[in-house]
Every structure is written in C-alpha cells, then in structure tokens.
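Report on one structure; see the data block that follows.
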Amino acid sequence: MNRRTYEEVAVGEELPALPIPLTRTLIVATAIASRDYQDVHHDPGLAVERGSKDIFMNILTTNGLVDRYVTEWAGPAAVVKAIRIRLGVPNHPGDTMTLTGTVTAKHDEDRRVEIAVRGENGLGAHVTGTVVVRLPSKVAT
Amino acid sequence: MTAYEDFAGREIVPLREGPDPVNVPMIRHWAEAMGDRNPVHLDDDAARAAGRPGIVAPASMTQAWTMRGYAASITGSGAGPGAEELNALLEKDGYTSVVATDSEFEFHRELVVGDRVNVREVVESISPEKSTALGVGRFVTTVRTYTDQDGEVVAVQRWRLLRFRPKAPSPEKRAPKALRPRPAVNRDNAFWFEAAREHRLVVQRCSGCGTLRHPPGPCCPHCGSFEWDVAEASGRGQVYSFVVAHHPRHPAFEYPLIVAVVELDEGTRLITNLVGVEPGEVEIGMPVVLDWLDADPDLSLPVFRPQEND
Amino acid sequence: MSRLSGAAAVAGIGATEFSKDSGRSELRLACEAVLAAIADAGLKPSDVDGMVTFTADTNAEIHVARTTGMGDLTFFSRIPHGGGAACGTVQQAALAVATGVADVVVCYRAFNERSGVRYGLGQADRPVETAADIGADGAAYAWLNPFGLSTPAQWVAMFARRYMHEYGATSEDFGRVAVVDRKHAANNPAAWFYQRPITLEDHQASRWIAEPLHLLDCCQETDGGQALVVVSAERARDLPHPPAVILGAAQGSGDDQHMMTSYYRPRITGIPEMGLVGLQLYAQSGLGPADMDAAILYDHFTPLVLPQLEELGFCAPGEAKDFVAEGNLELGGRLPFNTHGGQLGEAYLHGMNGIAEAVRLVRGTSVNQPEGVRNVIVTAGTGVPTSGLVLGAGR
Ligand SMILES: [Zn+2]
Chain Z
0 MNRRTYEEVA VGEELPALPI PLTRTLIVAT AIASRDYQDV HHDPGLAVER GSKDIFMNIL
60 TTNGLVDRYV TEWAGPAAVV KAIRIRLGVP NHPGDTMTLT GTVTAKHDED RRVEIAVRGE
120 NGLGAHVTGT VVVRLPSKVA T
Chain L
0 MTAYEDFAGR EIVPLREGPD PVNVPMIRHW AEAMGDRNPV HLDDDAARAA GRPGIVAPAS
60 MTQAWTMRGY AASITGSGAG PGAEELNALL EKDGYTSVVA TDSEFEFHRE LVVGDRVNVR
120 EVVESISPEK STALGVGRFV TTVRTYTDQD GEVVAVQRWR LLRFRPKAPS PEKRAPKALR
180 PRPAVNRDNA FWFEAAREHR LVVQRCSGCG TLRHPPGPCC PHCGSFEWDV AEASGRGQVY
240 SFVVAHHPRH PAFEYPLIVA VVELDEGTRL ITNLVGVEPG EVEIGMPVVL DWLDADPDLS
300 LPVFRPQEND
Chain E
0 MSRLSGAAAV AGIGATEFSK DSGRSELRLA CEAVLAAIAD AGLKPSDVDG MVTFTADTNA
60 EIHVARTTGM GDLTFFSRIP HGGGAACGTV QQAALAVATG VADVVVCYRA FNERSGVRYG
120 LGQADRPVET AADIGADGAA YAWLNPFGLS TPAQWVAMFA RRYMHEYGAT SEDFGRVAVV
180 DRKHAANNPA AWFYQRPITL EDHQASRWIA EPLHLLDCCQ ETDGGQALVV VSAERARDLP
240 HPPAVILGAA QGSGDDQHMM TSYYRPRITG IPEMGLVGLQ LYAQSGLGPA DMDAAILYDH
300 FTPLVLPQLE ELGFCAPGEA KDFVAEGNLE LGGRLPFNTH GGQLGEAYLH GMNGIAEAVR
360 LVRGTSVNQP EGVRNVIVTA GTGVPTSGLV LGAGR
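Protein chains in written order, with numbering that gives the first Met the number 0: chain Z, 0 to 140; chain L, 0 to 309; chain E, 0 to 394.
Shown next, in the form of structure tokens:
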C-alpha cells in the first residue's frame with residue numbers, strides 16, 4: 000500500500016479512479032457485513048414493490064467504499080477524521096460505480112487533508128462528498 | 000408549532016449499547032465485503048507499524064457496531080419510544096417509504112478491539128414537505144452521538160433520511176429519471192449555484208454603490224465597479240409573473256410545470272419554480288417563501304411555495 | 000429626414016415554397032431563394048456584390064455566392080439575435096448601398112426549421128460546455144434551463160401573463176390576432192394554411208402549450224428560404240418592379256436587454272427595444288403612425304403583437320386589445336395587418352417573408368391588397384434586440 004506523507008500531497012492532486020463492479024453479491028454481502036437487513040438491499044421482488052427497479056446498495060456500504068478508496072490512496076498511517084456524503088442515484092446490480100477524488104484543502108496545524116470524492120454509475124452521481132484524513136509528517140516518521 | 004417542529008431537539012433513541020464489542024471477526028467480514036485491504040484493520044503488527052496501539056476498526060464501520068441486526072429488523076421493535084412516536088406520525092401522513100440521503104461523520108478517535116460502542120440519537124430538524132424525485136416527503140435530520148464504555152464521544156454523525164410518499168408505481172416512473180438540464184456555469188455565475196448547493200439564496204451586491212443585481216454580472220451598470228460581494232436573501236417575495244408549461248416535455252420535469260418570476264423583498268427578481276401549489280391556484284402578487292429543491296447531488300435550486308397564512 | 004431615408008430600395012424578392020419537409024439542403028433552399036430574388040429584380044448573380052444574413056443561418060455567404068456564381072463580393076455582414084435580425088439585414092444592405100460600399104446587396108434566410116432543427120423544442124438540452132469560462136450567451140441559459148423554462152413559447156408566456164394582469168387582456172384578445180392571421184393566410188396560395196381559416200372558438204379549444212399560450216397562439220415551424228435584393232433607389236427605378244423604397248431602417252436593443260427573457264426591468268408589459276426602433280423609423284422617414292397604411296408585425300406568438308401596436312404608437316399602452324377587437328387589423332380596417340397571413344398563417348421564415356409581403360404591398364401585388372397603400376411598417380423579432388423598416392412608394 001501507499002504511505003503518503005502530508006508534505007507530499009498537493010491541493011489539486013487527483014486520486015486514481017477506482018471502478019467498482021456492482022454485482023448482486025457485492026450489494027448483498029456488504030449490506031449483511033454492515034448488519035443492515037432491510038429487504039430493499041437483498042430481495043428484488045420487495046424492492047420493486049417499494050418503487051425501486053431492483054435491490055440497491057445501502058448507505059453504510061457507500062461510506063465503507065469511500066473510506067476504502069481514500070485510505071487505499073493515503074496509506075495505513077492515515078487516520079480518517081470525517082466522511083461526509085450525500086447520496087444521489089442508487090447503485091443497482093449490473094452497473095459499475097467509478098470513484099474519483101481530488102485533494103481540495105490542506106490544514107497544516109494538524110496535517111489534515113480534505114478530499115472531494117464522487118462516485119458515478121450509469122445513472123449519474125451515486126455519491127458526492129468529502130473525506131478528511133490526517134496524514135503522517137515526513138519528519139515525524 | 001406543528002407536530003413536526005415539536006420534534007426538534009428531542010431524543011428519539013436513548014443511549015443504547017451496541018450488541019457486540021469491537022472485534023476482529025466482524026471487522027474481517029466488513030473488510031472482505033468492502034474490499035478494504037488496509038492492514039491496520041486485521042494485522043496487529045502492521046497496525047503498530049502505522050502508529051496504532053493495535054488493530055483499529057474502519058472509521059466507516061462505526062455505525063455498524065450499533066445496528067440492531069436481523070431480529071430487530073424483522074420484529075421492528077425496540078427502536079425507542081421517541082422513534083416510534085415519530086414513525087407513527089410520519090406513517091399517519093403517508094410518508095411510508097424511507098431512503099437515506101446524507102451521512103456526515105466526524106470521528107474523534109479510532110475504535111480498537113474491545114471497545115463498546117453506544118449511540119443516542121436526537122432530532123435536529125424535520126423539513127416542511129418537499130417535492131423530490133422520489134415523491135413528496137420530509138427530510139428528517141438527526142444527530143447520532145457515538146460514545147465508548149467510558150462515556151467519551153468517539154464519533155458524531157449527522158444523519159438525514161427522506162421519509163416520503165412513494166409515487167404511484169408505473170413502468171414509466173420506475174425508469175431512471177433524467178437529470179434537470181445542467182446550468183451553464185462560468186466564472187461570473189458559479190458563486191450563485193455554489194451557494195445554492197449550500198441552500199443559500201444570494202444576490203450579487205456591488206461593493207461600490209451597494210446596488211443588488213440579478214442575474215449577476217462582472218460589472219455594476221450603475222457605478223462601473225468590478226468589486227462585489229453577496230447579500231443573503233430573506234427568502235420572501237411575491238409572484239411577479241408565471242408560466243404553466245405543458246409542451247414540449249423534458250423528461251426531467253413533471254408537467255404541468257410552474258415556472259415563475261419571483262420578486263424578492265430585496266427588490267431583485269429571479270426565475271424559479273413554484274411548489275406546493277396547483278397551477279390553477281397561482282396568482283400574480285401571491286406571497287411566496289423560499290424552499291430548496293435538491294434535484295440531484297450536483298444541483299440544488301431555490302424554489303418557492305405559497306406563504307402560509309398563520 | 001435622415002440621409003439613409005430614401006437612399007435605397009428593395010428591388011427584388013424571391014422565396015422557395017414553404018413546407019414542413021423540403022427534402023433539400025438548407026444551402027439549396029438559400030440558393031433557390033437568392034436566385035429567384037435576383038431574377039425578380041431583373042439582375043444577374045454577377046451583379047451582386049454584397050450579402051447579409053443572420054448569425055443563426057447555416058449558409059455562409061461564401062457558399063451561397065460561390066454556388067450561385069456571384070463572383071466578387073465587397074460587403075458581407077450578419078446580424079445576431081434570431082428573428083430580431085430580419086429588418087436589420089435590410090438596414091445593413093441600405094447602409095452599404097447608401098455609402099457606396101456595395102451596389103447590389105442580397106439579404107437572405109433559409110432553413111429546414113421543421114424537418115431539421117426545430118426551434119420550438121427549445122434549448123433545454125443545448126450542450127453545456129465544460130470550460131471554466133463558458134461565454135456570456137451560454138451562461139444566460141443557466142437561469143432558464145434548470146427550471147424548465149427553455150422554449151420560446153414559455154419565454155413569451157411569462158410576458159403575456161403579466162400583460163394580462165396589468166391590462167386586463169385575455170386569451171381571447173391574443174386569439175383575435177391569430178384569427179386575423181389565419182384569415183389572411185386562407186386567401187394566400189403560398190401560405191401553409193391556405194384555405195384553412197380558424198375561429199376564436201378553435202383558438203380557445205386548442206391545447207395549452209405554455210399557459211397562457213394555446214397552440215394557436217404559436218407560429219409554425221417551416222422549411223424554406225426567402226431572399227431580398229437591395230439596390231439604390233435611383234437604380235431601382237430602372238428595374239422591372241416599382242421600387243419599395245427604404246424610408247426608415249432601424250435596430251434597437253433596450254436598457255437591461257436579455258435574449259427573450261428581459262424580466263428584470265421595472266415593467267415588462269412593453270417592448271422598449273421596439274419603441275426605440277419605432278422612434279427611429281418615424282424620425283428617419285419624417286412619417287408617423289398615422290401615415291402607415293399597413294403593418295407587418297412579427298408574430299412568432301400572438302401576445303407580443305399587442306405591445307408592438309402600443310410601442311409603435313397605433314394606440315396607447317394597454318389599449319391594443321381594444322384596437323384589435325375593433326377590427327382595425329382587418330383588410331378594411333385602420334391598419335391592415337399581416338396580409339400574407341403572418342408567421343402563424345403563411346410561414347415562419349424568421350420575419351423575412353414579412354418583409355417580402357411589405358414589398359408586395361408597396362408594389363400593389365399582395366393577394367390581400369388593401370387600397371391606397373403607400374407606406375408599410377415592418378417589424379422583426381420581439382423579446383430580442385430587434386429591428387424595423389418603413390417601406391414606401393417614395394417620392
Ligand atoms: Zn455599483
């Protein structure tokens with residue numbers, strides 16, 4: 000994994016895009032891993048009855064994927080300080096969500112870095128938001 | 000105050016302990032499903048090498064420790080008296096469906112193996128009825144405070160759900176809805192759409208002579224100044240003119256569609272949509288108040304609804 | 000009177016048929032119309048040395064000139080703002096002729112506006128450039144498209160609603176304009192709606208497009224081309240037809256002008272840019288409203304005909320509904336109007352077919368020719384920066 004230091008990150012830096020195939024198994028497995036048993040996340044018949052076209056990913060998983068995306072780039076020493084997301088179109092099976100991110104701000108006093116993230120699928124933006132991580136200093140490590 | 004306004008500040012979930020302490024098997028299950036290969040979540044040595052005392056749970060997993068799990072989701076019980084009262088009120092008004100729209104987590108410390116995670120939930124606000132792509136509903140915003148075994152706060156989460164009346168299901172409605180046309184944003188007008196995303200209706204104000212102007216421009220036609228800031232509009236105004244559009248139909252909109260020119264109390268006018276009113280009820284001069292339409296994650300627009308007389 | 004007044008004249012007019020599906024390229028339509036106008040003027044393509052069209056036209060001067068064998072050009076110019084350009088093209092031509100920059104200038108407009116790009120469908124999905132500094136014209140749509148206000152009918156409806164509110168006008172008052180247009184078109188073999196008049200009841204029963212506009216308040220969408228030939232008034236007298244002398248030719252853009260959505264002015268019941276055109280036309284020609292024997296007023300949508308009558312001095316503000324209801328726009332009325340059938344009845348040629356009709360009125364050859372026509376006022380697009388003409392038999 001990477002091990003990014005605060006000093007080597009620049010505002011405007013773009014994170015490599017991460018496409019995530021949205022398989023039915025992924026949507027169900029992540030719902031269960033987050034202890035979310037709402038039927039719309041695993042039962043296609045009931046999801047359609049409730050006005051959706053198919054099952055869709057739960058928000059805890061979106062948090063988890065955004066977390067994974069940023070920490071994979073930042074490295075194990077990074078500490079996640081905030082994850083703020085807004086959901087848009089749903090993540091349905093068969094689609095692909097591509098996560099992208101851009102460093103938007105740096106705070107020297109506590110080495111916090113803000114990353115704007117966005118996850119697009121075939122319908123549009125599934126998620127937009129901000130992740131804040133504290134990175135290690137080159138000097139301290 | 001309405002029954003909904005009454006809920007602001009109320010605790011709807013009293014402090015509740017998560018069923019399991021932070022533990023490696025559940026972290027492993029999570030990390031596998033999410034595809035999270037960060038070694039600090041599963042390998043003590045790697046975690047220590049990365050400055051931790053030992054294995055730490057993924058930050059995003061905080062909420063999962065407090066989920067009530069399969070049994071509660073089947074019986075629907077045990078949410079807490081406040082939550083049940085709020086649910087009953089929402090169901091009575093037909094807001095039977097729910098979708099999570101926002102989660103804003105601030106993490107105070109990382110969770111380590113053995114931590115207990117507790118949560119309490121307090122209502123921050125419940126919006127007036129809004130028209131959304133899913134249906135008419137109310138946004139319920141709560142604050143969840145997560146504490147550990149010592150009562151120390153480990154994370155705070157602002158959580159927003161849309162409780163809505165699902166639109167009558169039809170094959171057409173189930174098809175993905177087109178997005179509203181994107182605004183053509185450039186250096187002269189971007190500030191207005193950025194403010195709108197934060198639900199602020201602003202009016203450009205000349206720094207030279209104080210004149211408000213909308214639509215905005217780079218230069219003041221009165222004094223020639225290129226300096227400007229913005230004033231926040233009060234959100235009150237009246238209908239100056241309006242159109243009820245029928246044809247042609249753009250797939251992003253519901254027709255008949257009411258488009259209005261609203262004159263703000265501040266004196267400037269803007270083009271907007273009217274909501275919460277039937278086309279036949281709109282009149283020129285009608286007092287209206289600001290509301291917000293979150294059309295999609297990238298586009299929030301000011302819309303107006305009739306001012307209620309009370 | 001200005002130096003421009005009387006210096007130039009329209010000596011030739013020519014058009015294609017007006018249809019819903021021409022089956023030909025826009026360039027071919029332009030060439031057909033241009034050659035017909037040149038022939039009508041008794042000239043040859045090689046006589047032409049100037050060309051004027053709309054910025055909205057897809058047929059660049061070089062293609063029309065090359066294809067029709069015009070040879071050298073010494074003057075070419077284009078006018079922006081859609082239908083507001085129509086009379087402006089003739090003004091450009093007159094200026095060029097009056098100053099000696101060119102001797103024979105062709106004004107033209109041709110499009111497949113029904114079978115090709117339909118303006119009526121609006122601008123909702125016009126591509127949004129991703130560049131940080133998208134231009135001001137594009138950025139103006141930011142205030143319209145996200146709210147679903149994207150078509151010309153909707154833009155006009157906003158003015159119409161306020162006009163109704165302030166002056167007590169009704170949908171029927173707009174409908175009467177459509178009925179006159181269609182009545183005149185019914186007698187015009189070149190009109191799309193030849194022999195198909197409507198009643199006020201038909202108008203009221205037609206479906207809503209953008210309340211308060213019914214379908215029959217809206218002009219057609221047309222495939223076709225129209226061209227005009229402008230030469231000096233002196234030369235025109237030696238050509239086959241009686242000259243339609245350009246007594247006035249003006250453009251106008253008003254204070255706080257927007258493209259179709261000038262909703263931010265203190266009042267929006269008038270058309271200040273048209274008032275500005277009218278003042279210039281009367282000052283240039285030394286004539287006034289009382290001297291106008293017929294009017295060709297831009298009628299993409301009926302509601303904006305009413306404030307034109309007010310801005311041009313034919314009646315006081317708010318009184319156009321009565322002026323129309325009293326029958327003044329009929330052939331036997333005070334101000335025979337849109338004798339070709341207008342853009343609702345004949346064709347939507349972005350106002351250029353109306354100028355041709357004014358020429359016929361001056362020649363005395365309209366299919367609906369009133370008696371004793373000497374001076375005709377013509378206007379271009381409303382809601383946009385616009386233009387106007389006074390054509391007459393001259394001295
Ligand atoms: Zn100023």
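For each residue, glycine too, the CB sits at the ideal point set by N, CA and C.
- Residue environment: residue 225/L is assigned as exposed (fewer than 16 neighbouring CB atoms within 10 Å of its CB, all protein chains considered).
- Checking the DSSP bridge columns, you'll see residue 107/E partnered with 226/E.
- Neighbourhood of residue 103/L in chain Z, by CB distance below 7 Å: 83, in chain order.
- Closest in alpha carbon position to residue 237/L, among 181/L, 192/L, 302/L and 141/L, is 302/L.
- Proximity annotation: ligand 1 has residues 205/L, 207/L, 208/L, 210/L, 219/L, 221/L, 222/L and 224/L in chain order, each selected because its CB is closer than 6 Å to a heavy atom of the ligand.
- Look at residue 62/E: its C-beta is not under 8 Å from any C-beta on chain L.
- Listed by position along chain Z, the residues whose Cβ is nearer than 8 Å to that of residue 68/L are 34 and 36.
- In this structure, residue 52/E lies near residue 77/E, with their beta-carbon atoms less than 8 Å apart.
- For residue 126/L, there is no enclosing beta strand (DSSP E), as DSSP marks it with neither H nor E.
- The alpha-carbon separation between residue 390/E and residue 109/E amounts to approximately 23 Å.
- Interface criterion not met: the Cβ of residue 303/L is under 8 Å from no Cβ in chain E.
- The Cβ atoms of residue 20/L and residue 147/L do not sit closer than 8 Å to each other.
- With fewer than 16 other CB atoms across the displayed protein chains lying within 10 angstroms of its CB, residue 254/E is exposed.
- Secondary structure note for residue 125/Z: its beta strand (DSSP E) is the uninterrupted segment 123-133.
- The criterion of a C-beta distance shorter than 8 Å is satisfied by residue 79/L and residue 12/L.
- The beta carbon of residue 106/L falls within 8 Å of a beta carbon belonging to chain Z, placing the residue at that interface.
- One finds nothing in chain L with a Cβ atom closer than 9 Å to the Cβ of residue 301/E; even the nearest lies about 15 Å away.
- A Cβ of chain L is located within less than 8 Å of the beta carbon of residue 124/Z.
- If you ignore the 5 residues before and after residue 56/L, its C-beta comes within less than 6 Å of the C-beta of 21, 26 and 110, all in its own chain and listed in chain order.
- At least one CB atom of chain Z sits nearer than 8 Å to the CB of residue 109/L.
- The closest CA to that of residue 80/Z, considering only 47/Z, 110/Z and 20/Z, is found on 110/Z.
- Distances from the CA of residue 94/Z to each of 28/Z, 19/Z, 38/Z and 87/Z were compared; the closest alpha carbon is that of 19/Z.
- In its chain, beyond the 5 residues on either side, 293 and 369 have a beta carbon closer than 6 Å to the beta carbon of residue 335/E.
- In chain order, 180, 244, 247 and 249 make up the part of chain L whose C-beta sits under 9 Å from the C-beta of residue 149/E.
- Residue range 351-362 is occupied by the alpha helix (DSSP H) that includes residue 351/E.
- One alpha carbon belongs to residue 310/E, the other to residue 139/L, and they sit about 53 Å apart.
- Under DSSP, residue 244/E takes part in a beta bridge, and its partners are 8/E and 391/E.
- For residue 79/Z, the nearest beta carbon of chain L is closer than 8 Å to its own beta carbon.
- Interface criterion met: the Cβ of residue 214/L is under 8 Å from a Cβ in chain E.
- Using a C-beta cut-off of 8 Å, the region 146-163 of chain E makes contact with the region 251-258 of chain L, since at least three inter-stretch Cβ pairs fall below that distance.
- When the beta-carbon positions are compared, residue 24/Z and residue 56/Z stay at least 8 Å from each other.
- Around the beta carbon of residue 61/E, fewer than 16 other beta carbons lie within 10 angstroms, which makes this residue exposed.
- For residue 24/L, the enclosing alpha helix (DSSP H) covers residues 23-33.
- By alpha-carbon distance to residue 106/L, the top candidate from 52/Z, 22/Z, 66/Z and 101/Z is 66/Z.
- With respect to residue 226/E, residue 89/E sits apart: the two C-beta atoms are not nearer than 8 Å.
- Residue 136/L has 129/L and 163/L as its beta-bridge partners, per DSSP.
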